[in-house]
Structure formats: C-alpha cells, structure tokens
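>
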Amino acid sequence: MQEKLDPIDAGIIWSRFVSIADEMVSALVRTSFSTMVRESGDYSCMLFDAKGRFLSQGTASVPSFTGTGPATLSGMLEHIPADTLADGDVLLTNDPWIGTGHVYDVNIVKPIFRNGRLVAYALSVSHLADIGGIGYGTGARDNYEEGICIPPVKLFVRGEPNKFVFDLIEANVRFRDLVIGDIYSNVAACNVAAAAIDDLLAEYGLVDTVGAADAIFDLTRNAISEVLRTLPCGKVAGSLSVEGVQDDALINLAVQISISPERFTFDFTGTSPVVNRGINVPLCYTRAYCYFTFKTIVAPNIPNNQAVLDFVTIAAPDNCILNAKRPYATGGRHILGHYVAPLVFGALADVVPMQVQADSGMICQINFRGRSPQGRDYSYILFTSGGYGAFADLDGRPVLPGPSNMIGIPVEIWEENTGITFLRKEWRVDSGGAGTFQGGAGQVVELRNDTDAPVDAAFFASRTSRPARGFAGGIDGALRVLSLDGAAVAPKSRRDVTPGSVIVLEEAGGGGFGPPERRTLARIRADLDAGLTSLEYVRSHYPAQARALETEMADRS
48 MQEKLDPIDA GIIWSRFVSI ADEMVSALVR TSFSTMVRES GDYSCMLFDA KGRFLSQGTA
108 SVPSFTGTGP ATLSGMLEHI PADTLADGDV LLTNDPWIGT GHVYDVNIVK PIFRNGRLVA
168 YALSVSHLAD IGGIGYGTGA RDNYEEGICI PPVKLFVRGE PNKFVFDLIE ANVRFRDLVI
228 GDIYSNVAAC NVAAAAIDDL LAEYGLVDTV GAADAIFDLT RNAISEVLRT LPCGKVAGSL
288 SVEGVQDDAL INLAVQISIS PERFTFDFTG TSPVVNRGIN VPLCYTRAYC YFTFKTIVAP
348 NIPNNQAVLD FVTIAAPDNC ILNAKRPYAT GGRHILGHYV APLVFGALAD VVPMQVQADS
408 GMICQINFRG RSPQGRDYSY ILFTSGGYGA FADLDGRPVL PGPSNMIGIP VEIWEENTGI
468 TFLRKEWRVD SGGAGTFQGG AGQVVELRND TDAPVDAAFF ASRTSRPARG FAGGIDGALR
528 VLSLDGAAVA PKSRRDVTPG SVIVLEEAGG GGFGPPERRT LARIRADLDA GLTSLEYVRS
588 HYPAQARALE TEMADRS
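Counting in the working numbering, the final residue of the sequence shown is number 604, and the numbers go up one at a time with none missing.
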C-alpha cells in the first residue's frame, strides 16, 4: 500500500507527467514523415494511469484529439481487455466512433509495464496522409467510401510487429512511406513515454501511477468545484445556423446547457439530422469540444486531466448531425464540429460574459494530392486561418485559428514539398468585426500550381455565407471567399488545379465584442498604423472616433 501523496509531491509529479507528454510530442514531431505532423501540429499525445484515467496531455496538442483520447483508450480496452495485454504490446485503431471522429487519424496506445505490472498507458494520435478510399474530402456518401476502418488491434505483440496489420495498411494506402512512417513515429512517442514513466516511478518509489493520479484528481476537483459554486445555476440555450454541403443548405445546431455546482450538462436536442456527405460529426468529437469549452470557462489554468472531464455530461439525439452513427460519412467532421465551441459560447454569453469569446473566422483546409518537383507523390493539408474572435476585454488576434490550434506551415517548406507556390500571404484589411474590442483580421493567400501536372484539391471551408458573429453589440467578421482562376469555388468541393492555375483564399474575420462606439482612439490608431484597418473602415464602423481623428489631423496640419 502506497502512502497518500501530499499536495506538494502531487504537484511535482503532476508537472512531471505533463513534461513526459511534452517529450512524447517532441519525439513524434522529430521522427514524423508528413508535414501535417512535423509542421502543422495535427497531433496529440496523452498519458493515462493504470486504470485508464487521463493524466496529462502534451502542451502542444489538438483540443479535439485530447478530448476524444479518454474514450479512445476505453473503447480499445473494451475490444482488447487490459488483462490480455503484455509488455511490448502496442494497439492501433482508426475507427471514427472509437477514435477521433474520422478514419484519417491513427490512434496508437502502448500499455506501460514495470516489474511485470501494468502501470500506465501512453496514447499518441496524428492525422495520416492517406487511408485509402476516395481520399480525404467531404464527398463520400458513407463511411465505407472514406477508406479502410481498422478496429482496435495489436500492432505489436510482445515487441514484435504484427505483419498482417502492416501488410493490410500498406495494401490499402496510396502513400506508403508517409503513412507507415508516421505510424512508427506515433509508436516512438509512446516508447519515449514508457521509458520516462519507468524512471519517474523508480525515482519516487511508486509501484504504479494510480496513487499520484488520485492526488492530482483531488486537487483538480477541489479547484473546479470552488469555481462552479460561484456560477448561477440553471439552464441556458443557444442555436446557430451554419452552412451545410452547399451554402444554401443550412444546418441548425442547438444546445441546452444545465449548470449546477456538480456539473455542466450539454443537450443537443433540436440539432438538424445527418446528411449524405462527409460533414457528419460522431458524438466523440462533439464531446471533445464540450470538454474544451467547459475547461476554457471554468478551469483555464489547470492542466488538463480526467477530473476536469468528469464534470461534463452530454446528450444528443441519435443521427442528429452532432451524433452521427455508423455508417454515415464523417471525413470533414471538423467543419461542423468546430462550431460546437461558438454555439456553447453564444449560449453562455449572458451567464459568463467575461469568459466567452465572440466567433472566430476558424480554419480553412485544402488537402492537396500531387507529385512534388522531386518526383515524390504526396498528400498534404494546407491550413489557413481566419481571425480570432474578440473577448470582453481583449481584441481578437489576426490570423489565429479557433477553436482548433493548427499551425500554418512555413512557406518555404510547403513550396519545396509540393511545387505549389505562394504568390501572396498578407493580412486581409478590414475583415475583423468592429467592436469595443475588435475581431481579428483574416488573411489573403494566393497559390499557384507550378508543377507540370494537375493537382487534386479537396476544400474544407466554412464561414462562406454565415459570418463569425459579434457578441454584446460587436459586429460580425467578413465572410470567407474562395476562388480558382477567378471563379468561385464551392466551400466543400474537390477540384483539379491545372498547371499555372491560381487559388485565392480570402479568410474570414473574427467577430467583435461590445459596442463599436466604445472603442478607444488609441486602439483605432494602432489598427491604422498596423494596416489592419483602413480609414474608410473606421469612418464606416467608428464614425464618432473617425471625426475625432480627422479633427486631430486637421489641427496638426
């Protein structure tokens, strides 16, 4: 029997768990083969105790993957029970309803043993370049068209690779080196965690991670309970109309949130039904963004762990678009899944106005498949961000994604790997929503296919007919606009980009927060100096301040 850890020792070990998850991230990034992982941060790394409870995440991790991770481990252990695991085993799945909501993400779990005893689990998740089927996009009519779905399986058995599983994957993917290479990178990240956990337990004389987890969870529960007692109890509701497959095919998202000193309950009754294209969202992904919004509101400074998640419950009707069941297509589930955050923030705007955020312009993705100038076949995602939504006391940052945290790939690396040239990448002037605090500006990105062959481009875009909303009197951000050789591109389409063709992305602005007439002259001057806004924009949205500025300029002259 281990002695109960005091809060100081628990805090030290807690920090060590976070550091180990960060070491996993470093190993994953340094060994990965694809730009999605190496440059754009499309991954998460997590640790769990011997009971399968979430201990820590890598600091740089995707909120959706971190939110799905606990249920992923639980689902994998339902298929492969813990008492059947051995030292050296490694598990794999890409099942959308067990994993992250679509088949393109691989989930790798390593049970960690010490002295013959199961002491912890490591989980690493990343987006793969390919998984077969029609390829990454929103065009599939069911999940079977999207690629091979692998239920939980042992990828390694007592340290030896499962040849059948590797052969199965290789036989079904287009880009063997990228896919198999990144799978091994996830395994490497888990191996790093196993070595570090062994060192930690030896240093502190612990037999496993359970006692430390209990102490960490106690600290977390006490801190969150204290915050929840300060919030008004009751129910709030919100709804949001968003673009479907086509801009004119609108989808309604609805939520009712019950707040009590014990928990937040999210109920998505009233949400539109599933559709026959790949934008449906499994409940695991919806739940992940409920966790995200709860944590940002109630526990923004507490490192993420199981005790945070235990305060959240969720309900959604079967086969509403936020609880899609098998076999509905889910390839682009993030397009609607990301709207869970602004939906929830909108519902809570009157309850916790200082903790919510006006709508963000969110990210746009294009998955390019082609051949590089060096003759290598590739499938890479370009992430381009809109503007960040403003807060009650803070401007939204220009060109910052939300609620996801994908990283824009450096231009030089993108061009070398794809042969697609950046002609322009600049702030989109006047795109942020006006307000006491202004929404972040989007950007303008112009790309040209400089290879000698067509490139396949699958678009995943939102905010093309429904802008990022301003809050508390703030103004909406500018809409996203996509074009190919001057002609409009449907936001969830797949197009061939011929040699010399040019794509232009005008990214959406974030919503403003608070009445524009309260914005200070100092902030307006700073926006003009930075090139975020024009004088015409100021005259239109801040007329009183514009007159004051013009009077100042006249007095100086």
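The beta carbon of each residue, even a glycine, is placed where N, CA and C say it ideally should be.
Can you grab the Cα-Cα spacing for the pair residue 403 / residue 604, in whole Å?
Roughly 43 Å separates the two Cα atoms.
> In the DSSP output, which residue or residues are listed as bridge partners for residue 174?
Beta-bridge pairing links residue 174 to 152.
> Is the CB-CB distance between residue 222 and residue 177 below 7 Å?
Result yes, Cβ atoms of residue 222 and residue 177 sit closer than 7 Å.
> Of the choices 571, 578 and 160, whose alpha-carbon is the least far from that of residue 585?
Of the candidates 571, 578 and 160, the one whose C-alpha sits nearest the C-alpha of residue 585 is 571.
> Go through its chain and collect everything with a Cβ distance to residue 551's Cβ below 6 Å, but skip five positions before and after it.
Result list for residue 551: 493 and 530, in chain order.
> Please tell me whether residue 521 and residue 557 are closer than 7 Å, where the distance is taken between their beta carbons.
In this structure, residue 557 does not lie closer than 7 Å to residue 521 by Cβ.
> From which residue to which residue does the alpha helix (DSSP H) around residue 244 run?
Taken as a continuous stretch (DSSP letters only), the alpha helix (DSSP H) holding residue 244 covers 223 to 251.
> Just checking my contact of residue 246 with residue 511 at CB under 8 Å: how many whole Å lie between their CB atoms?
The pair is not a contact, with the Cβ atoms about 50 Å apart (cut-off 8 Å).
> Can you list, in chain order, the residues of its chain whose CB lies under 7 Å from that of residue 465, leaving out five sequence neighbours each side?
If we look at residue 465 and ignore the five residues flanking it on each side, its Cβ neighbours are 415, 417, 419, 425 and 427.
> Using the beta-carbon count (16 or more within 10 Å), is residue 280 buried or exposed?
So residue 280 ends up on the exposed side.
> Taking 7 Å as the CB-CB cut-off, is residue 475 touching chain B?
Absence of chain B from the displayed structure is noted, only one protein chain being present.
> For my contact list, residue 377 and residue 329 are in at a C-beta cut-off of 8 Å; report their separation, rounded to the angstrom.
Contact flag correct, Cβ pair sits at about 6 Å.
> Would you mind giving the Cβ-Cβ distance between residue 153 and residue 159, rounded to the nearest angstrom? I have them listed as a contact below 8 Å.
Incorrect: roughly 19 Å between the Cβ atoms, too far for contact.
> Excluding the five sequence neighbours on either side, which residues of its own chain have a C-beta within less than 7 Å of the C-beta of residue 144, listed in chain order?
Same-chain partners within the cutoff: 329, 331 and 373.
> With DSSP collapsed to three states, give me the class of residue 331.
Reduced to three states, the DSSP call for residue 331 is helix.
> Mind checking residue 211: buried by the 16 CB within 10 Å criterion, or exposed?
By the neighbour-count rule (16 or more Cβ atoms within 10 Å), residue 211 is not buried but exposed.
> Count the C-beta pairs between the region 184 to 199 and the region 316 to 325 that are closer than 8 Å, then say yes if the count reaches three, no if not.
Contact holds: three or more Cβ-Cβ distances are below 8 Å.
> May I have the straight-line CA-CA distance separating residue 527 from residue 506, to the nearest angstrom?
About 13 Å.
> Measure the beta-carbon distance from residue 385 to residue 450 and round it to whole angstroms, keeping in mind my assumption that it falls under 8 Å.
Correct: roughly 6 Å between the Cβ atoms.
> One question on the structure: do residue 407 and residue 435 come within less than 7 Å of each other, judged by their Cβ atoms?
Contact flag set, yes.
> If we ignore side chains and look at the alpha-carbon of each, how far apart do residue 422 and residue 462 end up?
One C-alpha to the other measures close to 14 Å.
> Compare the beta carbon distance of residue 229 and residue 175 with 7 Å and say whether it is the shorter of the two.
Cβ distance < 7 Å, so residue 229 and residue 175 count as in contact.
> How big is the Cα-Cα spacing for residue 272 and residue 502?
Their Cα atoms are separated by approximately 53 Å.
> DSSP puts residue 285 in a beta bridge; with which residues?
The partner list for residue 285 (beta bridge, DSSP) reads 302.
> State the DSSP-derived secondary structure class of residue 602, mapped to helix, strand or coil.
It is helical.
> Buried or exposed: where does residue 163 fall if 16 or more other Cβ atoms within 10 Å of its Cβ makes it buried?
Label assigned to residue 163: exposed.
> Helix or strand or just coil, what does DSSP make of residue 157?
Looking at residue 157 - three-state DSSP - the assignment turns out to be strand.
> Tell me whether the region 131 to 139 and the region 190 to 205 touch, counting them as touching only if at least three CB pairs, one residue from each stretch, are closer than 8 Å.
Enough Cβ pairs lie closer than 8 Å, so yes.
> How big is the Cα-Cα spacing for residue 546 and residue 536?
So the two alpha carbons sit approximately 17 Å from each other.
> If we count the other Cβ atoms within 10 Å of its Cβ and call it buried at 16 or more, is residue 397 buried or exposed?
With fewer than 16 Cβ atoms within 10 Å of its Cβ, residue 397 is classed as exposed.
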